[in-house]
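S.K.: Here you go, one structure.
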Amino acid sequence: MLEGLPPNNAAFLMRLRCADSTTAQRVADIIVETFDPAETAASAFEETGDRPDVEGPWLVEAYFGTAPDEAQVRDLVSLAAGAELAAEAEFGRVAKTDWVAASLAGIAPVRAGRFLLHGEHDRAIVQSNDLAIEIEAALAFGTGHHGTTRGCLIFLDAIAKRRRARKILDVGTGTGVLAIAAAKAFRRPVAAGDVDPVAVATAMVNAARNGAGSFVHIVQARGLDHPALRGDYDLITANILAAPLRRLAPALAKALLPEGEIILSGLLDRDVPGIISTYRTQHLRLVARLDIDGWATLLMRR
């Protein structure tokens, strides 16, 4: 999933105040999942005001490279939070400096099991037993904060505690966070691919920054349609969306070794029954499920 890249020349902004973090995150997530991630980004954060000890309202900010269809955005907000709140969404233009400030504000460190995702400015908080992944601030907007990414990282950490994966594949690598995490946890080669050339370039930079450049091999590909991705794997991660996960089910199942495990994410609750059914036809069964901020992550094996 192409998560964490700032929109190109972001010039348009939607702001919405929500009463709680769950609602705000649902709104941000549905915007991120609907629009082209190379042109759109969204973040949810708390407004603490003068009383940091008291939970304040939550603000959602969505940035767009081109003028959004306001009615479409309101419809999405309505699906996530209701029509009354959708009517309160505010739209306007934004200066580039506002985008930079928002990007920096949106990348607080994120822990998921032993993994710690952080920016350069938070290196001091890394502990000796952390599996730390540093993402450049300008490229990390939302990365790791999304429930799908955190769910995948938690499952990766759990698997690494009980076995050593030998051949690993990350489909739809985005900014490369999951591929880097797998390389750090298992110290084994990780094949990764993404359909977006910007994502591929970003993932390469992030892998090198984190000392994983010799382990993570990233190519531009749609699904597994690249010679470098063909093979047999005992661990596969695919943090994309329900539709491509259904389409890729036969190819992913074919690439999975008999003793292998696959982590699937990018799923809303309504998507889960269909995905489980689709992968059951490929002789894969559900082992565990994580739900974070309205998004489901599934661990499946034969």
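According to our numbering, the sequence shown is numbered sequentially starting from 746.
Yeah, the Cβ is synthetic: ideal placement off N, Cα and C, and Gly gets one too.
Fair warning: this is a prediction, and the values are worked out from it, not measured in the lab.
Near Gly1019, what residues of its chain come up, given a Cβ to Cβ distance below 8 Å and the 5 sequence neighbours on each side ignored?
M.R.: As a working note, residue 1019 is residue 274 in the sequence shown. Hits under 8 Å: Ala987, Arg991.
S.K.: In whole angstroms, what is the alpha-carbon distance linking Arg975 and Ala832?
M.R.: Start at 1 with the first residue of the sequence shown, and residue 975 comes out as number 230. Start at 1 with the first residue of the sequence shown, and residue 832 comes out as number 87. Roughly 48 Å between the two C-alpha positions.
S.K.: Would you mind sorting Val822 into buried or exposed? The rule is 16 or more other CB atoms within 10 Å of its CB.
M.R.: Along the sequence shown, read from residue 1 onward, the residue named residue 822 stands at position 77. Its Cβ being crowded by 16 or more others within 10 Å, Val822 is buried.
S.K.: Three-state secondary structure (DSSP) at Val818?
M.R.: Position 73 of the sequence shown, counted from the start, is the residue given in the question as residue 818. Val818 falls in the helix class under three-state DSSP.
S.K.: Figure out for me which residue from Ala1033, Arg760, Ala937, Asp1016 has the closest Cα to the Cα of Glu1006.
M.R.: By one-based count along the sequence shown, residue 1006 stands at place 261. If we check each option's Cα against that of Glu1006, Ala1033 comes out closest.
S.K.: DSSP beta-bridge partners for Arg760?
M.R.: Your numbering for residue 760 matches position 15 in the sequence shown. In DSSP, Arg760 forms a bridge with Glu806, Glu835.
S.K.: Whole angstroms is fine: what's the gap from Asp1036's alpha carbon to Asp765's?
M.R.: Position 291 of the sequence shown, counting from 1, holds the residue named residue 1036. Position 20 of the sequence shown, counting from 1, holds the residue named residue 765. Their backbone Cα atoms lie some 18 Å apart in a straight line.
S.K.: Could you pull out every residue in the same chain whose Cβ sits closer than 7 Å to the Cβ of Leu1044, ignoring the five residues on either side in sequence?
M.R.: As a first step, residue 1044 is located in the sequence shown; it is residue number 299 there, counting from the start. Taken in chain order, the residues that qualify are Phe900, Glu1006, Ile1008, Val1032, Ala1033.
S.K.: Return yes when the Cβ of Gly896 is within less than 8 Å of the Cβ of Glu879, no when it is not.
M.R.: Looking up residue 879 in the sequence shown gives position 134. Looking up residue 896 in the sequence shown gives position 151. No, Cβ-Cβ distance for Glu879 and Gly896 is not below 8 Å.
S.K.: Would you mind working out which of Gly858, Leu861, Glu806, Arg859 sits nearest Ile834, comparing C-alpha positions?
M.R.: Taking the sequence shown and counting its residues from 1, the one referred to as residue 834 is at position 89. Before going on, a small fix: residue 834 reads as Ala here, not Ile. If we check each option's Cα against that of Ala834, Glu806 comes out closest.
S.K.: State the start and end residues of the unbroken alpha helix (DSSP H) segment that holds Pro1018.
M.R.: The residue given as residue 1018 occupies position 273 in the sequence shown. Start and end: 1017 to 1025.
S.K.: If you scan the segment 859 to 910 from start to end, which runs of the beta strand (DSSP E) of 3 or more residues do you find wholly inside it?
M.R.: List check, beta strand (DSSP E) in window: 860 to 863, 876 to 879.
S.K.: Let me know the secondary structure DSSP gives Asn984 once reduced to three states.
M.R.: Taking the sequence shown and counting its residues from 1, the one referred to as residue 984 is at position 239. Strand.
S.K.: Work out the CA separation of Ser788 and Ala953 for me, nearest whole Å.
M.R.: Working through the sequence shown from its first residue, we reach residue 953 at position 208. Working through the sequence shown from its first residue, we reach residue 788 at position 43. Roughly 26 Å between the two C-alpha positions.
S.K.: Would you call Asp814 buried or exposed, if buried means 16 or more other Cβ atoms sit within 10 Å of its Cβ?
M.R.: Reading the sequence shown from its first residue, position 69 is the one you call residue 814. Per the 10 Å Cβ criterion, exposed.
S.K.: On the DSSP bridge assignment, give the partners of Ala786 in chain order.
M.R.: Numbered from its first residue, the sequence shown carries residue 786 at position 41. Paired residue(s): Tyr808.
S.K.: Based on DSSP bridge pairs, tell me the residues matched to His1028.
M.R.: In the sequence shown, the residue the question calls residue 1028 occupies position 283. DSSP output for His1028 lists no bridge partner at all.
S.K.: So, does the segment 961 to 968 touch the segment 902 to 911, judging by three or more C-beta pairs under 8 Å?
M.R.: Flag = no, the segment 961 to 968 and the segment 902 to 911 do not touch.
S.K.: Can you tell me whether DSSP reads Phe960 as helix, strand or coil?
M.R.: Looking up residue 960 in the sequence shown gives position 215. Phe960 falls in the coil class under three-state DSSP.
S.K.: Which same chain residues, not among the five before or five after Leu914, have their C-beta less than 7 Å away from its C-beta?
M.R.: What you label residue 914 is simply residue 169 of the sequence shown in a count that begins at 1. Excluding positions up to five away in sequence, the list reads Ala936, Leu974, Tyr978, Ile981, Ala1000.
S.K.: Any idea if Arg907 is buried or exposed, counting beta-carbon neighbours within 10 angstroms, 16 or more meaning buried?
M.R.: Position 162 of the sequence shown, counted from the start, is the residue given in the question as residue 907. It is exposed - the Cβ of Arg907 has fewer than 16 other Cβ atoms within 10 Å.
S.K.: What first and last residue would you give for the beta strand (DSSP E) that runs through Asp781?
M.R.: Translated into the one-based positions of the sequence shown, residue 781 becomes position 36. Looking at the DSSP string, Asp781 is not in any beta strand (DSSP E), and its letter there is neither H nor E.
S.K.: Using 8 Å for Cβ pairs, my map puts Thr785 next to Ile776. What's the rounded Cβ distance?
M.R.: As a first step, residue 785 must be located in the sequence shown, where it is residue number 40. As a first step, residue 776 must be located in the sequence shown, where it is residue number 31. Correct: roughly 7 Å between the Cβ atoms.
S.K.: Rounded to whole angstroms, what's the CA-CA distance from Ala812 to Leu758? Just pull it up for me.
M.R.: The residue given as residue 812 occupies position 67 in the sequence shown. The residue given as residue 758 occupies position 13 in the sequence shown. Ala812 and Leu758: Cα-Cα distance of roughly 9 Å.
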